[in-house]
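Participant:
There are 2 protein chains.
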Amino acid sequence: MTDFTPPPPSPLLIVISGPSGVGKDTVLQRLKERDLPLHFVVTATTRPPRPGERDGVDYFFVSREAFERMIAEDELLEHALVYGQYKGIPKAQVRAALASGKDVIMRIDVQGAATIRRICPEALLIFLTAEDEETLLHRLRQRHTESEEALRLRLATAKQELAQMSTFDYVVINREYALEETIDTIIAIIEAEHHRVPHRKVTL
Amino acid sequence: MTDFTPPPPSPLLIVISGPSGVGKDTVLQRLKERDLPLHFVVTATTRPPRPGERDGVDYFFVSREAFERMIAEDELLEHALVYGQYKGIPKAQVRAALASGKDVIMRIDVQGAATIRRICPEALLIFLTAEDEETLLHRLRQRHTESEEALRLRLATAKQELAQMSTFDYVVINREYALEETIDTIIAIIEAEHHRVPHRKVTL
Numbered sequence: 009m010t011d012f013t014p015p016p017p018s019p020l021l022i023v024i025s026g027p028s029g030v031g032k033d034t035v036l037q038r039l040k041e042r043d044l045p046l047h048f049v050v051t052a053t054t055r056p057p058r059p060g061e062r063d064g065v066d067y068f069f070v071s072r073e074a075f076e077r078m079i080a081e082d083e084l085l086e087h088a089l090v091y092g093q094y095k096g097i098p099k100a101q102v103r104a105a106l107a108s109g110k111d112v113i114m115r116i117d118v119q120g121a122a123t124i125r126r127i128c129p130e131a132l133l134i135f136l137t138a139e140d141e142e143t144l145l146h147r148l149r150q151r152h153t154e155s156e157e158a159l160r161l162r163l164a165t166a167k168q169e170l171a172q173m174s175t176f177d178y179v180v181i182n183r184e185y186a187l188e189e190t191i192d193t194i195i196a197i198i199e200a201e202h203h204r205v206p207h208r209k210v211t212l
Numbered sequence: 009m010t011d012f013t014p015p016p017p018s019p020l021l022i023v024i025s026g027p028s029g030v031g032k033d034t035v036l037q038r039l040k041e042r043d044l045p046l047h048f049v050v051t052a053t054t055r056p057p058r059p060g061e062r063d064g065v066d067y068f069f070v071s072r073e074a075f076e077r078m079i080a081e082d083e084l085l086e087h088a089l090v091y092g093q094y095k096g097i098p099k100a101q102v103r104a105a106l107a108s109g110k111d112v113i114m115r116i117d118v119q120g121a122a123t124i125r126r127i128c129p130e131a132l133l134i135f136l137t138a139e140d141e142e143t144l145l146h147r148l149r150q151r152h153t154e155s156e157e158a159l160r161l162r163l164a165t166a167k168q169e170l171a172q173m174s175t176f177d178y179v180v181i182n183r184e185y186a187l188e189e190t191i192d193t194i195i196a197i198i199e200a201e202h203h204r205v206p207h208r209k210v211t212l
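These protein sequence lines are chains A and B, in that order. Under my numbering, the first residue of the first sequence carries the number 9, and numbering increases by one thereafter. Under my numbering, the first residue of the second sequence carries the number 9, and numbering increases by one thereafter.
#1: Is there a C-beta anywhere in chain A that falls below 8 Å from the one on B/K95?
#2: Taking buried to mean at least 16 other C-beta atoms within 10 Å of its own C-beta, is B/L89 buried or exposed?
#3: So what does A/P129 bridge to, in DSSP terms?
#4: Roughly how far, in whole angstroms, is the beta-carbon of B/I181 from the beta-carbon of B/R38, given that I think they are within contact range, below 8 Å?
#5: Taking all protein chains shown into account, decide if A/I79 is buried (16 or more other Cβ within 10 angstroms of its Cβ) or exposed.
#6: Per the contact definition of three or more C-beta pairs closer than 8 Å, is the segment 31-48 of chain B in contact with the segment 103-117 of chain B?
#7: Can you give the beta carbon distance from B/Q6 to B/R125, rounded, assuming they're within the 8 Å contact cut?
#8: Would A/H203 pass as an interface residue toward chain B - the criterion being a Cβ-Cβ separation below 8 Å?
#9: A/A121 and A/S25 - do their beta-carbons sit closer together than 8 Å?
#10: Measure from the C-beta of B/T34 to each C-beta in chain A and report whether the shortest distance is under 8 Å.
#11: Using only alpha-carbon positions, find the residue among B/V50, B/F135, B/G60, B/K95 that is nearest to B/M173.
#12: What is the rounded straight-line gap between the Cα of A/E141 and the Cα of B/F12?
#13: Identify, in the order they occur along the chain, each residue of the same chain with its Cβ nearer than 8 Å to the Cβ of A/T211, setting aside the five sequence neighbours on each side.
#14: Please classify A/K209: does DSSP put it in a helix, a strand, or coil?
#15: Does A/E199 have its Cβ less than 8 Å from a Cβ in chain B?
#16: Measure the alpha-carbon distance for B/L84 versus A/Y185 and round it to whole angstroms.
#17: Under 8 Å, do B/T143 and B/V179 count as touching if we go by C-beta distance?
#18: Which one of B/L148, B/E139, B/P206, B/I22 has the shortest CA to CA distance from B/A105?
#19: What first and last residue would you give for the beta strand (DSSP E) that runs through B/A52?
#20: Please return the same chain residues whose Cβ sits closer than 8 Å to the Cβ of A/L145, not counting the five positions on each side in sequence.
#21: Near A/H202, what residues of its chain come up, given a Cβ to Cβ distance below 6 Å and the 5 sequence neighbours on each side ignored?
#22: Buried or exposed for B/P59, going by 16 or more other Cβ atoms inside 10 Å?
#23: Are there any heavy atoms of the ligand SAM lying less than 7 Å away from the beta-carbon of A/A138, as far as the coordinates show?
#24: By the 10 Å Cβ neighbour count, where 16 or more other Cβ atoms means buried, how is B/E41 classified, buried or exposed?
#25: Check whether the Cβ of A/L170 lies closer than 8 Å to any Cβ atom in chain B.
#26: By the criterion of Cβ-Cβ separation under 8 Å, what are the contact partners of B/P206 in chain E?
#27: Comparing the C-beta of A/D11 with each C-beta of chain B, is any distance below 8 Å?
#28: Below 9 Å between beta carbons is the criterion; list the residues of the segment 138-149 of chain B that meet it against any residue of chain A, in chain order.
#29: Taking a contact to mean a Cβ-Cβ separation below 8 Å, would you say B/L36 touches B/I198 in this structure?
#30: Counting only the same chain and skipping the five closest in sequence on each side, list residues whose C-beta sits under 6 Å from that of B/H47.
#31: B/A107 to A/A52, Cα distance in whole Å?
#32: For A/T137, name the three-state secondary structure that DSSP assigns.
#33: For B/R77, which three-state DSSP category applies?
Here's what the structure looks like:
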């Protein structure tokens, strides 16, 4: 019997990364609204919620003690201490979603993406970037939630992170006033990867 | 000066391949109608035109003598003798289109695609397949242009060609009554490849 079609694709582990202020949260939010068959990972963090953020939806807001217990019990896919606060991806959640056959998508900082790549070479890494420094700085300022010193630190970190762009699988420029274009491109990348041979086979 | 964006992508050399009857011509025709910024390669062939085919649009219909002169003068990117007739891709046409910055797309049989891969490892190879043998045989019969013996030969060849699927970059199932889905997938693949790092850098 001749096989006319390739084996069905395994679910993808999709990582949306990039410097602070580049629009990762907005992009993930808009992807959610498109009602795609994606599992959106909920990150655990020790930082306090920003206005409007909901526990268990935007993040799992946990105490430092609870977070350190998860680290000790190896319950995190990756974690990092960013600007004095822990962030991490609960392993069990990702495994369960992949096992259900759904593509899994998560936003994560550039340092975390490098960790995911090491643990899971078959992860699909997408780097979001801004068109230039002015745009990024403008977006960081719009948040109104940080001191000028914190902004300068984020911008310096962003510049270091941009050097990591070439280690990702795809780079998407999240242009001002072109969010839908960014979303369409990310959806096209996911669609294309479902047809790649050999297919990425994620094991965690 | 920090680079916020990757270098602009170089034009792609896109090859649509797959067994006879899988729908390569229909897919290319429909892609043309979508009015995308693609250069559609016109293949040179020594076979006589089928009803409705136009010289210089569907193919360059050339004499055997003219074709053999092109071979001798190394004017073809690849050529093959298929069912007793020559088919080939004029080199100059592809180089000119790539130099103008346009992605170049061509349909080619599976044997020809293997040649393109050898000459140009950075070519983007898409394998079109049917859902099963019955569908492929049905489509071949619908052409009403070939003897039963020719049909059987094409089906036997198709089965050998399916074994080459895994050497392509992408596999797309061109399902019955789902041509637009096939076209959308191919467009998504091209869009995704414009964001790949490192980008395919075609040299011919």
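In this text, a Cβ means the ideal position worked out from N, Cα and C, and glycines have one as well. All figures in this text were calculated on a predicted structure; none of them were measured in a lab.
Facilitator: Answer, in terms of the structure:
#1: For the purposes of this step, residue 95 of chain B is taken as the residue at position 87 of the second sequence. It does not: the Cβ of B/K95 has no partner Cβ on chain A nearer than 8 Å.
#2: Indexing the second sequence from 1 puts residue 89 of chain B at position 81. It counts as exposed.
#3: Here residue 129 of chain A is taken as the residue at index 121 of the first sequence, counted from 1. A/P129 is not bridged to any residue.
#4: For the purposes of this step, residue 181 of chain B is taken as residue 173 along the second sequence, with counting starting at 1. For the purposes of this step, residue 38 of chain B is taken as residue 30 along the second sequence, with counting starting at 1. Contact doesn't hold; Cβ gap of about 16 Å is too wide.
#5: Sequence index remark: in the first sequence, residue 79 of chain A carries index 71 (1-based). Answer is exposed; the Cβ neighbour count stays below 16.
#6: yes
#7: This structure cannot speak to residue 6 of chain B, because chain B is shown only from 9 to 212.
#8: Locating residue 203 of chain A in the first sequence gives position 195, where the first residue counts as 1. Chain B contact via Cβ: present.
#9: Position 17 of the first sequence, counted from the start, is the residue given in the question as residue 25 of chain A. Position 113 of the first sequence, counted from the start, is the residue given in the question as residue 121 of chain A. Yes.
#10: As a first step, residue 34 of chain B must be located in the second sequence, where it is residue number 26. Closer than 8 Å: no.
#11: Locating residue 173 of chain B in the second sequence gives position 165, counting from the first residue. Among B/V50, B/F135, B/G60, B/K95, the Cα nearest to that of B/M173 belongs to B/F135.
#12: The sequence position of residue 141 of chain A within the first sequence is 133, counting from 1. The sequence position of residue 12 of chain B within the second sequence is 4, counting from 1. Distance between the alpha carbons of A/E141 and B/F12: 7 Å.
#13: Position 203 of the first sequence, counted from the start, is the residue given in the question as residue 211 of chain A. The answer, listed in chain order, is C128, E130.
#14: Within the first sequence, residue 209 of chain A is the residue found at index 201, counting from 1. In the structure shown, A/K209 sits in coil (DSSP, three-state: anything other than H, G, I, E or B).
#15: Taking the first sequence and counting its residues from 1, the one referred to as residue 199 of chain A is at position 191. Yes, because at least one Cβ of chain B sits closer than 8 Å to the Cβ of A/E199.
#16: Within the second sequence, the letter at position 76 stands for residue 84 of chain B. Within the first sequence, the letter at position 177 stands for residue 185 of chain A. Computed Cα separation, rounded: 45 Å.
#17: If you number the second sequence from 1, residue 143 of chain B lands on position 135. If you number the second sequence from 1, residue 179 of chain B lands on position 171. Taking 8 Å as the Cβ cut-off, B/T143 and B/V179 do not qualify as a contacting pair.
#18: What you label residue 105 of chain B is simply residue 97 of the second sequence in a count that begins at 1. Per the Cα distances, B/I22.
#19: As a working mapping, residue 52 of chain B is identified with position 44 in the second sequence. Counting along the chain, the beta strand (DSSP E) containing B/A52 begins and ends at 51-53.
#20: Taking the first sequence and counting its residues from 1, one reaches residue 145 of chain A at position 137. The residues are G29, L159, L163.
#21: Residue numbering aside, residue 202 of chain A sits at position 194 when the first sequence is read from its first letter. Counting only Cβ-Cβ distances below 6 Å, and skipping sequence neighbours, we find P17.
#22: The residue labelled residue 59 of chain B in the question sits at position 51 within the second sequence. With fewer than 16 Cβ atoms within 10 Å of its Cβ, B/P59 is classed as exposed.
#23: Absence of the ligand SAM is noted for the structure shown, with no ligands found whatsoever.
#24: Looking up residue 41 of chain B in the second sequence gives position 33. Exposed, by the Cβ-count rule.
#25: On the first sequence, position 162 is the one that residue 170 of chain A refers to. Yes, because at least one Cβ of chain B sits closer than 8 Å to the Cβ of A/L170.
#26: Among the protein chains in the structure shown, which are A and B, there is no chain E.
#27: Walking along the first sequence from the start, residue 11 of chain A turns up at place 3. With 8 Å as the cut-off, A/D11 counts as an interface residue toward chain B.
#28: If the cut-off is 9 Å between Cβ atoms, the segment 138-149 of chain B has A138, E139, D140, E141, T143, L144 near chain A.
#29: Looking up residue 36 of chain B in the second sequence gives position 28. Looking up residue 198 of chain B in the second sequence gives position 190. No, the Cβ-Cβ distance between B/L36 and B/I198 is not below 8 Å.
#30: Taking the first residue of the second sequence as 1, we reach residue 47 of chain B at position 39. Hits under 6 Å: A105, K110, V112.
#31: Here residue 107 of chain B corresponds to residue number 99 of the second sequence, with the count starting at 1. Here residue 52 of chain A corresponds to residue number 44 of the first sequence, with the count starting at 1. Cα to Cα, the separation comes out at about 49 Å.
#32: Here residue 137 of chain A corresponds to residue number 129 of the first sequence, with the count starting at 1. Note: A/T137 maps to strand in three-state DSSP.
#33: Looking up residue 77 of chain B in the second sequence gives position 69. Reduced to three states, the DSSP call for B/R77 is helix.
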